[in-house]
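> Structure incoming, see below.
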Amino acid sequence: MRNLLCLFLVVMLFPACEKQGNGDITFGAPGKTYGIVVEGGINTFYKIQYIRLSEPSFSADGTVVPAVGARVTVTDGGANVVFRETATPGVYSGTIQNNTNYNKAYKLNITYKDKSYTATDTLRQVVNIIDDFLPLGCIKQANGTIKLTIPKHTFGFLNSCKWLISYPEIPAWNPARFENAGYFNYTHIQGSPNSVYPLINQLRIVELQPNDFVSIYKFSMSDAYSQYLYTVFQETDWKGLFSGVPAEVKGNLSAGALGFFYVTDVDIRRYRASELAN
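In this text, residue positions in the sequence shown follow UniProt numbering: the first is 1, and each later residue adds one.
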């Protein structure tokens, strides 16, 4: 009787394990309509600013379609600055003279395909880089090289910030180069979600010569941008093997647009690798 029961279960489960169709993966139509995706914002280090607009991609190959022909303006609290499309389709640029309007709001306005989008963010002053509070580990090794360990996320900091740690293998910060966004790392005022985080911790480890230069960029964030990035972390880097499908993360854009328009203050320090190990 027991053997018959096992055989019955195998027969019932077998059809559920069969491969359906020809094995091609298909993507259903999205349940919501998303007009555009916004990347970039305003920084205090450069007067010339860049914003990238694209259409959301729902294809298997993830092809990004630039949003060309949009009308883009940024209000800096006084002037209304027009951003014009650059030679790179979907990337818009404008000159913000009043880019240090601390504790004031900057407003983005976009018109694309007869639909309007707006976003507002507040400029917070960055706390200058302090050598004792860098989001990295540094060890001088027996062979004289300097080993840097850079976690993508560090928790329990006094201020939430975005960082870029650049060295010979990692390009310097350039706000016009959106493809370099993967090199950023983040400090969060929130604690680690739970104690198993080190199991999936993301690190960048590099060995440098003592005289190699390391440039450290620190970017301030408004409370809204900080919370947005922490939520993005929870839905992406934090997701494990058995997690559900990532949920939509709402930014500060109206009319269903995705992304976040931010304004940020910047501090920059340059070190030799040997100085970080002292």
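Using N, Cα and C, we set each Cβ at its ideal position, and we do this for glycine too. For clarity, every value in this text was computed on a predicted model and none was experimentally measured.
Roughly how many angstroms separate the alpha carbons of Ser57 and Ile36, rounded to a whole number?
If I take the Cα positions, the gap works out to 10 Å.
> Between Thr111 and Arg71, how many whole angstroms is the CB-CB distance? I'm expecting something under 8 Å.
That belief holds up - the Cβ atoms of Thr111 and Arg71 are roughly 4 Å apart, short of 8 Å.
> Does DSSP put Glu248 in a helix, in a strand, or in coil?
The answer is coil: DSSP assigns Glu248 none of H, G, I, E or B.
> From Phe242 to Gln202, what does the alpha carbon distance come to, in whole angstroms?
Confidence in Phe242 is poor, its pLDDT being 49 and thus under 50, which makes the residue's placement too unreliable to answer from.
> Return the residue from the list Val249, Gly41, Gln190, Ala105 that minimises the CA-CA distance to Val91.
The option with the nearest alpha carbon to Val91 is Gly41.
> Straight-line CA distance for Tyr230 to Lys113?
Straight-line Cα distance between these residues: approximately 31 Å.
> Is DSSP giving Phe155 helix, strand or coil here?
Note: Phe155 maps to strand in three-state DSSP.
> Within a Cβ cutoff of 6 Å, which residues of the same chain sit near Leu276, ignoring the five residues on either side of it in sequence?
Closer than 6 Å at Cβ, skipping near neighbours: Cys138.
> Gly251 to Thr145, Cα distance in whole Å?
Approximately 42 Å between the Cα atoms of the pair.
> Would you mind listing the beta strand (DSSP E) stretches within the region 43 to 87 that are 3+ residues and don't spill past its ends, in chain order?
Listed in chain order, the complete beta strand (DSSP E) runs (minimum 3 residues) inside the region 43 to 87 are 48 to 55, 71 to 75, 80 to 85.
> Rounded to whole angstroms, what's the CA-CA distance from Val38 to Gln141? Just pull it up for me.
Answer to the nearest angstrom: the Cα atoms are 43 Å apart.
> Thr264 and Ser220: beta carbons closer than 7 Å?
Cβ atoms of Thr264 and Ser220: closer than 7 Å.
> For Arg269, list the residues DSSP reports as bridge partners.
In the DSSP output, where bridge partners are listed per residue, Arg269 has Ile216.
> Quick one: residues in its chain with C-beta nearer than 6 Å to the C-beta of Ala176, no 5 flanking neighbours on either side, listed in chain order?
Around Ala176: Tyr50.
> Would DSSP call Val232 helix, strand or coil?
Reduced to three states, the DSSP call for Val232 is helix.
> If contacts are defined as beta-carbon pairs under 8 Å, then Asp76 and Ile96 qualify, I think. What distance do you get, rounded to the angstrom?
Yes, Asp76 and Ile96 are in contact; Cβ-Cβ is about 6 Å, under 8 Å.
> Just to confirm, is the Cβ distance from Ala119 to Val214 under 7 Å?
The answer is no: Cβ separation not under 7 Å.
> Could you say which of Tyr102, Ser93, Thr86, Lys107 lies nearest to Leu253 if we only look at CA atoms?
It is Lys107 whose Cα lies nearest to the Cα of Leu253.
> From this set, Val126, Ala105, Val82, which residue's C-alpha is nearest Ser160's C-alpha?
Among Val126, Ala105, Val82, the Cα nearest to that of Ser160 belongs to Val126.
> Taking only the alpha-carbon atoms, compute the straight-line gap between Leu164 and Ile170 and give it to the nearest angstrom.
Going by the C-alpha atoms only, they are around 9 Å apart.
> Quick check on DSSP: helix, strand or coil for Gly182?
In the structure shown, Gly182 sits in a helix (DSSP, three-state: H, G or I).
> Which of the three DSSP states, helix, strand or coil, is assigned to Glu169?
Correct three-state label for Glu169: coil.
> How about Lys162 and Phe184: do their beta carbons lie closer than 7 Å?
Yes, the Cβ-Cβ distance between Lys162 and Phe184 is below 7 Å.
> By a C-beta neighbour count over all protein chains shown, 10 Å radius and 16 as the cutoff for buried, is Lys218 buried or exposed?
Classification of Lys218: buried, given that the 10 Å Cβ count is 16 or more.
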